[in-house]
Each structure stands twice: as structure tokens, then as C-alpha cells.
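Just below is one structure, and these are the notes that go with it.
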Amino acid sequence: MAVNKCIKYLLFLFNLLFWISGCIILGVSIYLKVSKDGNKITNEVVPGIDLLIAVGVIIMVLGFLGCCGAIKENRCLLLLFFIGLLVIFVLLLAAGILGAVGEDKSKEWIKTRFEKLLPLRDQDAGVQTDLQKLEEEGKCCGPINGPQDWGKTVPSSCNCKDTAQNCTLTDGRKVYSTPCIKFVTSFMEKHAVVALAIAFAVAVLMLFGMAFAMTLYCQIGKVNASSA
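Sequential numbering of the sequence shown, starting at 23, is according to this note's numbering.
This is the structure in C-alpha cells:
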């Protein structure tokens, strides 16, 4: 009895693609981490880059184990690969459930992070600059309460350049009245569906990977038993 070559090379190809995707995720996340244009405020409020780095490393390690286990027909490596995929699958499932039912907690968590920025006059120049970049991008002003978060000196980043947005008069000029917490919350809500869809697709791929790995694991065991 011989190991099914089709399953063996399908598993190898799956893990090769898995490893390459891990390299891409790791490379992009490291680039974003060290980028000089990174915004400290958004990194603090939406801490996804460190998670991406961890995911990239884990996927690379699992992909390597799967490739070696498949091509060398090593049961130990295949079992480690299967267990690793199973753990990540359970974590993805748990994260998806928590993300679906914990929307209110996420909003509260964002609010807590933004409250740490008040009063803005006590923040250093770097934090204030990052907030102004966020205001220009999100067409908002102030982290929680609007322009009044800036006190008497509202920066030019709050100037109402888009008349389609909600604006108010402050010191004789129009500024955005929407606080930036609404922009960040809306951003997370819009991308949550995409993130859940990607997680679901990855979970389906993992199911196939686990099925191939366990099938090959069992076939190798039968071959070893028959040749003993």
C-alpha cells in the first residue's frame, strides 16, 4: 500500500501557498509598523498591526511544518500542523462570535482610548499632530465632544472644507462638528463585515488543510504498519 500522491502534493501546494501568504502578511504588517507616516492615535485605538505580525509569523511556521510534513511524509510534522490549524480555527471561530456579539463593548473600548487624550492641551505635539491628521482624513474635529475638545484654539485641520458634512461656527469660521470617535467607530463597523468574510474564507481553507493533513497522516500510519 502506498501513500496517495495526489493528496500528498495537494497538501504540499496548499501549505506552500499558506506559507507565501504568511510572508506577505508579515512583510506588509512590518512595513506598516515601521512606517514614518503611521498615526499613533489610530494605532492605539485600532491595534491591528501587532496582531497581523503575529498572524503572519504563525501562518509561516504552520506552512513550513505542513510542507515538510507532506513532502517527507513525516507523521509528527503533519500532526503538529493539524493541531496548529485546529487551534487557529477555534480562535477564528471565537473571534468571529465575539466580534458579532460584542459591538457595544468595542465602541466602549474605543471611547475609553479617546478619553485618555483629554484634555488635548496636555498632550504633546506629536499626539496633537496625529489627531489633526485624523481630523483631515475623517472630516471630524476633536476626539469625543467635537471642536470644544480643543478649547479656545481650534486647529485648521477642523476647517469645514466639505460642505456636505455637519459643520458649526467657531470663532467666525466653519469647522466640523462631528467628533472623530464617530469616524473611527464607523470605519470599524464598515470593515468588520469584510474582516469576518476573510476570516470565514480562511477557516474554510483550514478545514480542507486539516482534512488533507489527517488523511495523509492516517495513510502514512497504515503504510508503516503494513511494512512493519
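Positions of the beta carbon are idealized from the N, C-alpha and C atoms, including for glycine.
Determine the burial state of residue i: buried for a count of at least 16 other Cβ atoms within 10 Å of its Cβ, exposed for fewer.
i: T200; result: buried
i: S51; result: buried
i: F136; result: buried
i: K198; result: Reading off the sequence, residue 198 comes out as Tyr, not Lys. By the 10 Å Cβ count, Y198 comes out buried.
i: L229; result: exposed
i: D184; result: exposed
i: L115; result: exposed
i: C28; result: exposed
i: G148; result: exposed
What residues in its chain sit with their C-beta under 7 Å from that of residue i, if we drop five residues either side in the sequence?
i: L48; result: I75, G78, V79, M82
i: L101; result: Y239
i: N246; result: none
i: Q154; result: P177, S179
i: L32; result: F234
For residue i, I'd like the list of residues in its chain whose CB is within less than 6 Å of its CB, leaving aside the five on either flank, ordered along the chain.
i: K58; result: Residue placement at K58 is poorly supported in this model, since its pLDDT is 45, which falls under 50; the coordinates still yield a value, given next. Excluding positions up to five away in sequence, the list is empty.
i: G44; result: G78, I81, M82, G85
i: N37; result: G85, G88, C89
i: G91; result: L99, L100, F103
Measuring alpha carbon to alpha carbon, tell me which of the options ends up nearest residue i.
i: L108; options: V50, V226, K244, N246; result: V226
i: M210; options: T175, E130, K244; result: E130
i: F7; options: G168, Q187, L113, Q154; result: Outside the modelled stretch of the chain, which goes from 23 to 250, sits residue 7, for which no answer is possible.
i: L191; options: L142, E137, Q145, C163; result: C163
i: F111; options: G168, K196, L84; result: L84
i: K196; options: S208, G168, L218; result: G168
i: F86; options: K174, K244, L39, L218; result: L39
i: Q187; options: F205, K138, L140, Y53; result: F205
Going by beta carbon distance, what residues of the same chain come within less than 8 Å of residue i, once the five residues before and after it are set aside?
i: K133; result: I166, I203
i: I93; result: K30, F34
i: F104; result: M232, A235, M236, Y239
i: G173; result: P141, L142, R143
Tell me whether residue i counts as near the ligand COA, meaning its Cβ is closer than 7 Å to at least one heavy atom of that ligand.
i: L227; result: No copy of the ligand COA appears in this structure; indeed no ligand is present at all.
*Which parts of the stretch 118-177 are runs of the alpha helix (DSSP H), unbroken and 4 residues or longer, counting only runs that do not cross its ends?*
125-137, 147-160
_Check whether the stretch 178-197 and the stretch 142-161 touch, using three or more Cβ-Cβ pairs below 8 Å as the test._
yes
*Which ranges does the beta strand (DSSP E) cover as unbroken runs of at least 3 residues, wholly within the stretch 208-243, from first to last along the chain?*
List check, beta strand (DSSP E) in window: nothing returned.
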